[in-house]
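Engineer: Sequence order for the protein chains is A and B.
When we follow the working numbering, the leftmost residue of the first sequence carries the number 27, and every step to the right adds one.
When we follow the working numbering, the leftmost residue of the second sequence carries the number 27, and every step to the right adds one.
Take this structure first; my questions come after.
Protein chains: 2
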Amino acid sequence: MRNTHKKAFYQDATPLLVAVDCIIFGFDLEELKLLLFKRKVEPFKGEWSVIGSFVQPEESVSSAASRVLGAYTGLDGIFMEPLGCYGEVERDPGARVISQAYFALIRLGEEEAQAVETYQAKWFGLSAVPPLILDHNQMVENALQALRRKARYRPIGFELLPEKFTIPQLKRLYDAIYQQEFDRRNFRKKILSMNVLDKLDEKDKSNSKKGAFLYRFNRQQYEEMIEKGIDFVL
Amino acid sequence: MRNTHKKAFYQDATPLLVAVDCIIFGFDLEELKLLLFKRKVEPFKGEWSVIGSFVQPEESVSSAASRVLGAYTGLDGIFMEPLGCYGEVERDPGARVISQAYFALIRLGEEEAQAVETYQAKWFGLSAVPPLILDHNQMVENALQALRRKARYRPIGFELLPEKFTIPQLKRLYDAIYQQEFDRRNFRKKILSMNVLDKLDEKDKSNSKKGAFLYRFNRQQYEEMIEKGIDFVL
DNA sequence: CTTAAAAGTGTATTTTTTACACGTACTTCA
DNA sequence: TGAAGTACGTGTAAAAAATACACTTTTAAG
Numbered sequence: 027m028r029n030t031h032k033k034a035f036y037q038d039a040t041p042l043l044v045a046v047d048c049i050i051f052g053f054d055l056e057e058l059k060l061l062l063f064k065r066k067v068e069p070f071k072g073e074w075s076v077i078g079s080f081v082q083p084e085e086s087v088s089s090a091a092s093r094v095l096g097a098y099t100g101l102d103g104i105f106m107e108p109l110g111c112y113g114e115v116e117r118d119p120g121a122r123v124i125s126q127a128y129f130a131l132i133r134l135g136e137e138e139a140q141a142v143e144t145y146q147a148k149w150f151g152l153s154a155v156p157p158l159i160l161d162h163n164q165m166v167e168n169a170l171q172a173l174r175r176k177a178r179y180r181p182i183g184f185e186l187l188p189e190k191f192t193i194p195q196l197k198r199l200y201d202a203i204y205q206q207e208f209d210r211r212n213f214r215k216k217i218l219s220m221n222v223l224d225k226l227d228e229k230d231k232s233n234s235k236k237g238a239f240l241y242r243f244n245r246q247q248y249e250e251m252i253e254k255g256i257d258f259v260l
Numbered sequence: 027m028r029n030t031h032k033k034a035f036y037q038d039a040t041p042l043l044v045a046v047d048c049i050i051f052g053f054d055l056e057e058l059k060l061l062l063f064k065r066k067v068e069p070f071k072g073e074w075s076v077i078g079s080f081v082q083p084e085e086s087v088s089s090a091a092s093r094v095l096g097a098y099t100g101l102d103g104i105f106m107e108p109l110g111c112y113g114e115v116e117r118d119p120g121a122r123v124i125s126q127a128y129f130a131l132i133r134l135g136e137e138e139a140q141a142v143e144t145y146q147a148k149w150f151g152l153s154a155v156p157p158l159i160l161d162h163n164q165m166v167e168n169a170l171q172a173l174r175r176k177a178r179y180r181p182i183g184f185e186l187l188p189e190k191f192t193i194p195q196l197k198r199l200y201d202a203i204y205q206q207e208f209d210r211r212n213f214r215k216k217i218l219s220m221n222v223l224d225k226l227d228e229k230d231k232s233n234s235k236k237g238a239f240l241y242r243f244n245r246q247q248y249e250e251m252i253e254k255g256i257d258f259v260l
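And the structure:
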C-alpha cells in the first residue's frame, strides 16, 4: 500500500534492478584470499563469481549486503565497506542491473569452512583468481585497490586476523596486502609507536621455536588517538 | 523488446527507482562554494537540494550524472567522481529511491551564471549551506570529506581553477578546501618540486601590485610522474 | 620618494623514514 | 649435551621530508 502511494510522486521514472555484490577477503596467516562462488542461476550458471543478491524493497542497500554476507558465511557483524557502483547498461546480459559492490574482511578459521561446504564456494589466492562473470574481475581489482588504500589509514587489517595475533603475523598480512616485504624492525616500531596494541603474556609458537608475543588491538585507544587528531598511518 | 527478453532471467527481483545526485563545487578564487537548486517537484517543492535525476534504462549511472551536470550548468566534460550510494529504505518519503551521489568540480566563470539564471540555482559558501531536503546535507558533508581526501593525492584541485592560475591562487584554494592556512613558502616549494606546473611569462596583477606569475598544469608530466611511481602528495 | 602589500627565494631545525647490526630464546639433530 | 639454525626482539646511525621563519623584490598609492 505504502509503495503504491509513494510512487504517485515519481510517475515518470522507470525502476531498475539493483543488486549488491560482496568481495570477500580472508587471510590464512600466509596469503590473502578471496571467497568465490559457483553461480547457481542463469545466465552463466556454474561459472565463478563474487556473491550477491538483488536489493529488496524493504531493506536498505547496506542491509542487503549484510544479509548476503551473513547468509553465505554464517557469520555476523562482518566488517564491510562500500566499494562503488557498477552501472553500465550492458554489464549484465540477463537484464539491466545496477550493482553496488562492497568489500568485506573476515577472519579465516574453522567456521568459514561452512560456506565452502554448504555453497559451492572456494577460497582463491589473489594470484590465482579465475575469470569471473560480468565485471566481477574488475570489482575484485577495485576491491584490492580499496583495501590497500584503506588499510594504510584505518586499522582494518585487524579484521583479517584472529583477536590475538603476533607482530610478525600482522606484518605478513601487510606484506600480503601490498605485495611487498616491509622491514621487520621498522614495521614493529611503527605499529607499536601508535599505542593501539595491548601486549599479552602469551606467546604463539606456531611460527618459530622462540615464539612471538601475542597482541590484541585496542579499539578504545584507537578512538582516543583519533580524537586527539593523531592519524593511524602505516 | 530487449528488456522484456532480459527480464526473463531475474523474474523474482523487484526493480527500484535509482537516482543520481550531483554535489557541485566551485571556487571563486576566494571561497569554496556549492551549487544548490530550488526543487521543482513534489515532495519538498521549493526547498533547497543538490541537483539530481532518475537513471533511465538506456543510460549508465555515470552517464546519468554527466547528463545532469551538462543540463544544469551548460558545461561539457565536467570533472566528476563517484561519492557513494545512499540506500536507506525511508530516505525519500516520495518513494523508495536509491541514489548514487557524485561530486563535481567546476571553474567559476561567466558561463556558470547560466545555471543560476535559467534554473533557480544559487552558489552558497561552505559555511552558509542551508538545510537541504532528504539526506542531501549528509551528501554534502561526505562530498567535502571526499574532496579533501582526494585533493591530497590527486591533482584535482586544478579542476576548480582557470587554466592559467598563480601559485598564491592555488594555495588559497587549498586553504579553502582544508580550512587551514598553509605556509606560503612551503606550499610553493612542495608543489613546484613535483614538476607538474609550467610557468608562463604572464603575470596576474589582480591580487597584488607586484603581480604573480601564471602557471599551467601539465597533465602529461603528471602522468609520467605517476608512471615512474612518484606520488602526487600535497 | 616613501610606504604598504603581496610575491618570491633561501636556510636552519625538527621530525620521520629508511637501512642495517646485533643479541635472544628455543628446537633440532649430530 | 651442545652446536646450529631460525625466527623474534631491540637499538642506532644516516637520509629524507616536513616545518618554521627571515629577508629581498616589485610596484601602485599617497
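Note that beta-carbon positions come from the ideal geometry of N, C-alpha and C, so glycine has one too.
Just the C-alpha distance for Phe243 (chain B) and Ile182 (chain B), rounded to the nearest angstrom, thanks.
Structural biologist: 11 Å
Engineer: Closer than 7 Å, CB to CB, is Glu249 (chain B) near chain A or not?
Structural biologist: By the rule that beta-carbons nearer than 7 Å mark a contact, Glu249 (chain B) does not touch chain A.
Engineer: From A:Arg175, A:Pro83, A:Lys216, A:Glu167, pick the residue whose C-alpha is nearest to that of Pro194 (chain A); which is it?
Structural biologist: In terms of Cα proximity to Pro194 (chain A), the closest of A:Arg175, A:Pro83, A:Lys216, A:Glu167 is A:Lys216.
Engineer: Leaving aside the five residues before and after Met27 (chain A) along the sequence, list all residues of the same chain whose C-beta is less than 8 Å from its C-beta, in chain order.
Structural biologist: Because Met27 (chain A) sits at a pLDDT of 43, beneath the cut-off of 50, its placement in the model cannot be relied upon, and the point is left open.
Engineer: Is the region 172 to 192 of chain B touching the region 138 to 153 of chain B, taking contact as three or more C-beta pairs under 8 Å?
Structural biologist: The region 172 to 192 of chain B vs the region 138 to 153 of chain B: no contact.
Engineer: Can a CB atom of chain B be found closer than 7 Å to the CB of Ala39 (chain A)?
Structural biologist: Ala39 (chain A) has a beta carbon lying within less than 7 Å of a beta carbon in chain B.
Engineer: Do Val44 (chain A) and Ile124 (chain A) have their CB atoms nearer than 7 Å?
Structural biologist: yes
Engineer: Distance, Cα to Cα, Ala21 (chain B) vs Ala141 (chain B)?
Structural biologist: As shown, chain B starts at 27 and ends at 260. That puts residue 21 (chain B) outside it, with no answer to give.
Engineer: Closer than 7 Å by beta-carbon distance: list the chain A residues that pair up with Val44 (chain B), in chain order.
Structural biologist: Leu42, Val44, Ile124
Engineer: Buried or exposed: Pro119 (chain B), going by 16 or more other Cβ atoms within 10 Å of its Cβ?
Structural biologist: exposed
Engineer: Give me the chain B residues within the contact set of Val115 (chain A), using Cβ-Cβ distance strictly less than 7 Å, ordered along the chain.
Structural biologist: Glu84, Glu85, Ser86
Engineer: Go ahead and label Tyr179 (chain B) buried or exposed: buried means 16 or more other beta carbons lie within 10 angstroms of its beta carbon, across all protein chains shown.
Structural biologist: exposed
Engineer: Report the neighbours of Tyr98 (chain B) on chain A: residues whose CB is nearer than 7 Å to its CB, in chain order.
Structural biologist: The contacting residues do not exist; Tyr98 (chain B) stays about 18 Å from chain A at best.
Engineer: Can you tell me which of the three DSSP states Gly52 (chain B) falls into?
Structural biologist: In this structure, Gly52 (chain B) counts as strand in the three-state DSSP scheme.
Engineer: Report yes or no: do three or more beta-carbon pairs, one from the region 247 to 259 of chain B and one from the region 196 to 215 of chain B, lie closer than 8 Å?
Structural biologist: no
Engineer: Nearest to Gly145 (chain A) by CA position, among A:Ile132, A:Val76, A:Phe70, is which residue?
Structural biologist: Note that residue 145 (chain A) corresponds to Tyr in the displayed sequence, not to Gly. Comparing Cα positions, the closest option is A:Val76.
Engineer: Which whole-angstrom value is the C-beta distance of Asp265 (chain B) and Leu240 (chain B), which I expect to be below 8 Å?
Structural biologist: Not covered by the structure: residue 265 (chain B). The range shown for chain B is 27 to 260.
Engineer: Considering only the beta carbon of each residue, do Ala202 (chain B) and Leu58 (chain B) sit closer than 7 Å?
Structural biologist: Going by C-beta atoms, Ala202 (chain B) is nearer than 7 Å to Leu58 (chain B).
Engineer: Can you give the Cα-Cα distance for Val285 (chain A) and Trp74 (chain A), rounded to whole angstroms?
Structural biologist: There is simply no residue 285 (chain A) to check, as chain A begins at 27 and stops at 260 in what is shown.
Engineer: Sorted by chain position, which residues of the same chain lie with C-beta nearer than 8 Å to Glu68 (chain B)'s C-beta, five sequence neighbours on each side aside?
Structural biologist: Result list for Glu68 (chain B): Gly120, in chain order.
Engineer: By the three-class DSSP mapping on this structure, what secondary structure does Met27 (chain B) have?
Structural biologist: Low confidence applies to Met27 (chain B): its pLDDT is 43, below 50, so where it sits in the model is not reliable, and the reading given next is rough at best. Residue state, collapsed to three classes: coil.
Engineer: Are the CB atoms of Val81 (chain A) and Ser86 (chain B) nearer to each other than 7 Å?
Structural biologist: no
Engineer: Name the chain A residues that come within less than 8 Å of Phe35 (chain B), Cβ to Cβ?
Structural biologist: Val67, Glu68, Pro69, Gly120, Ala121
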